[in-house]
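Okay, structure first, notes after.
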Amino acid sequence: MSADVSRHLAIDLGASSGRVALGTLEGGRLSVEILHRFPNGGVPVRGGLYWDVLGLWREVLHGLRLAATRGGVASVGVNSWAVDYGLLDGRGELLGAVNHYRSPRLNGVMERVQGELGAGHIYEATGIQFLPFNTLYQLAAEPPERLAQARTLLMVPDLLHFWLCGARVTERTNASSTQFFDPRSGEWATGLLESLGVSPLLLPRIVEPGTVLGTLSPEVERETGLRGVRVVAPATHDTASAVAAVPAQEEDGWAYVSSGTWSLVGLETPAPVITAAARAANLTNEAGVGGTTRLLKNVMGLWIVQQCNAAWGLDFGELYAGAAAVPPGPLIDPDDARFAPMGHDMPTRVQAYCRETGQAVPQTPAEITRCILDSLALRTAEVLETLQDVSGQAVGTVHVVGGGSQIAPLNQLIADASGRPVVAGPVEATLIGNLLVQSGALDRPGELRAVVRASNDLQTFTPGAAVSPERRAQFARLGGRPAAEAGSTP
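When we follow full-length UniProt numbering, the leftmost residue of the sequence shown carries the number 1, and every step to the right adds one.
Structure representation (C-alpha cells):
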C-alpha cells in the first residue's frame, strides 16, 4: 500500500441493521466496500425490550475476519445510534442486558424527572430536546441495586471500542446526546445526575472525534487475524458521522436531513443555540465534527413505513413507486405517540388516525404510504422554517443523506413542501463520515466535504408543485401547532 493510500474499517450499527465496511482513501477520493451486513433490532423479553449486543459483537468479529483477508488496514472505528448504554462492573464485565430506547420501562419517567428537576433547568444546562428515551431518563429508570454495582457507563459504540482495545472513554458527539452534557463547557453536566442520585463517577473521560484509543487487543487479533490496527473514535453518533459527510459548499446556506428510521433535520452552527425560542421549539444542540454544533430536531422518519411494510412484505421500490402514482390525500402527524411503538398493526394505526381526524381513510399500501410520505415532507418543511427562525441562518439548499436519499418521491415532496432545492446523497453518509474522520488526513469539515463531493454521484430535486397554504394549515392543526409554525415557501 503506497504512502498516499490509506485503508480503514467502519463499523456502523443502526437500529435495524449493521455493516462492516472497508474504505480506501486515495487521491482525494474515497471508495467504500461493504464487507458484511447483518440485521439488528429490539429483542422483547418479559415485558422489556433489549439490544442483542453480544450478537452484534459476534457479527462485528465476523466482519473483521473478512477484512483480514483483504490486506492491511490502518484503523477501525464504531458508530451507532445514540442514547443507549451498557453498565460495567469493577472488572469490566457487562452488568445485564442493554436496554432499548423504545422499552416500556421509560413510560412516564421523563415527566417525573422534569417535575423533580424542572424542564427549564434541564434545557438551560444541556440544550437538548426533550425525548422520553434520553439517557438521563434511562438512568432515572435504572434499579438502584444495578446502579450500585456499576462502575462505568459506556454508550453503545464506546462499549464496542472497549471490547476492541480496552479504552474506557466517551466520544463527544455521543456524549452530547445524553442530556447530561454541557455543550458550552464541553464537559459532563454532573449536577443533573447527582440530583437524581446517580454517581457521576460512572462517566468516563470525554474524547474528540478522531482520537486514537489504542490498538486491537491480543484477543481480538487472535479472533480476527488483523494485526497492528489502531482503534480510532470517529464521530460515534451516527448522525454526527452522517453530517460530517454532507456534501455542502460552505457558502451555500444549507440544512441537512439525515433520513432513515429517524429523520434528523438540522443546521450546522458555530456554537450552541440555547435560547427561549430554541427551548419552545424543542430543538437540540449536539456536538459535531471540528468543534461545530448540530442544531437539530428529531422527527419521525421512515419508521412508520418500515413497520407498515413489516406487515405487508412488499418490495420497497415498488411500494414507493406506487405511492408516487397516488394523488395527495389524508395526512397524519408523524410525531404522534401512537406511531412510536413497534408492531405489525401500524397500517391500522395510520387508518385509525385518519378516521379520528375526519379525513378519508387510505385503504391500499400505496395510499397509506403516500399519506406517510406527504406527512414526513410537510413536517420536514415545518422544522426547516423553525430552525431558520431560531438560528438566524438562512437555508438555501437542503441536503438529504442516508437511506432516505434513495427515495425519489420523498425527496421531491420535501423540495415541493419546503420550496428549496434538495440534493440527495450520499446514501452511505454515515460510513463515509466515519471513515474520513478516522483517516486523520483531513483537518476541517470543509476538507471532508470536498472529498465527499468528489467521490459520490448526487441528484438534485427542484421545487415543483407548491403546497397550498390550506394544506399546510391542515397539517399544522393535526400536530396541535399554530399554522404559522408551518412557515411559508421562500
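Quick reminder that beta carbons are idealized off the backbone N, C-alpha and C, glycines included.
Check	Outcome
Residue interval of the alpha helix (DSSP H) (run including ASP416)	408-418
Where SER241 falls: helix, strand or coil (DSSP)	helix
Unbroken beta strand (DSSP E) run spanning ARG7, endpoints	5-13
Selected residue, minimal CA-CA separation from LEU159, among THR460, THR126, LEU203	LEU203
For GLN359: DSSP bridge partner residues	In DSSP, GLN359 forms no bridge with anything.
Range covered by the alpha helix (DSSP H) that runs through THR369	365-391
Buried or exposed (CB count within 10 angstroms, at least 16 for buried), MET1	Since pLDDT at MET1 reaches only 45, below the 50 mark, its modelled position is unreliable, and the value read off the structure follows with that caveat. Burial call: exposed.
Paired residues, beta bridge with VAL232 - DSSP	VAL212
Alpha-carbon to alpha-carbon, PRO347 and GLN307	8 Å
At least 3 beta-carbon pairs within less than 8 Å: the stretch 62-78 vs the stretch 12-27	yes
Three-pair Cβ contact test at 8 Å for the stretch 356-371 versus the stretch 327-337	yes
Helix, strand or coil at TYR101 according to DSSP, with G and I counted as helix	coil
Proximity below 9 Å, CB of HIS8 to CB of VAL232	yes
For ARG338, three-class secondary structure by DSSP	helix
Residue nearest to GLY301 in terms of C-alpha spacing, selected from LEU373, ALA280, ALA325	LEU373
Per DSSP, cross-strand counterpart(s) of GLN459	ALA424
Backbone CA spacing between HIS121 and LEU136 [nearest angstrom]	13 Å
Span of the alpha helix (DSSP H) around THR261	First-last for THR261: undefined, no H or E at that position.
Contacts around ASP89, its chain only, beta-carbon distance under 8 Å, and the 5 residues preceding and following it disregarded	LEU95, GLN149, ALA150, ARG151
Which of helix, strand or coil DSSP assigns to HIS161	helix
Element boundaries [beta strand (DSSP E), containing TRP51]	48-51
Under 9 Å between C-beta atoms of ALA242 and VAL401	yes
Reduced DSSP category for TRP303 - H, G, I as helix; E, B as strand; rest coil	helix
Span of the beta strand (DSSP E), counted from its first residue to its last, around GLY191	Element bounds for GLY191: not the beta strand (DSSP E) but the alpha helix (DSSP H), 190-195.
Buried versus exposed, by CB contacts within 10 Å (16 or more), THR239	buried
Cutoff 8 Å; reference GLN393; Cβ partners in own chain excluding five residues on either side	GLY253, LEU267, THR269, LEU387
Sub-9 Å separation of PRO426 and VAL452 beta-carbons	yes
Presumed contact (8 Å Cβ cut-off) between VAL156 and VAL98, rounded CB distance	7 Å
GLY18: first and last residue of the uninterrupted beta strand (DSSP E) it sits in	17-26
Outcome for SER258 when other beta-carbon atoms lying within 10 angstroms are tallied against a minimum of 16	buried
HIS121: first and last residue of the uninterrupted alpha helix (DSSP H) it sits in	119-126
Three CB pairs or more closer than 8 Å across the stretch 281-297 and the stretch 453-461	no
Spatially closest choice to GLY14 from SER217, THR170, ASP52, ARG471, by CA coordinates	ASP52
Through-space distance from GLY419 to VAL289, alpha-carbon basis	29 Å
Span separating the alpha-carbon of LEU410 from that of ARG146	44 Å
Option in VAL273, GLY228, ILE432 with minimal Cα separation from GLY71	GLY228
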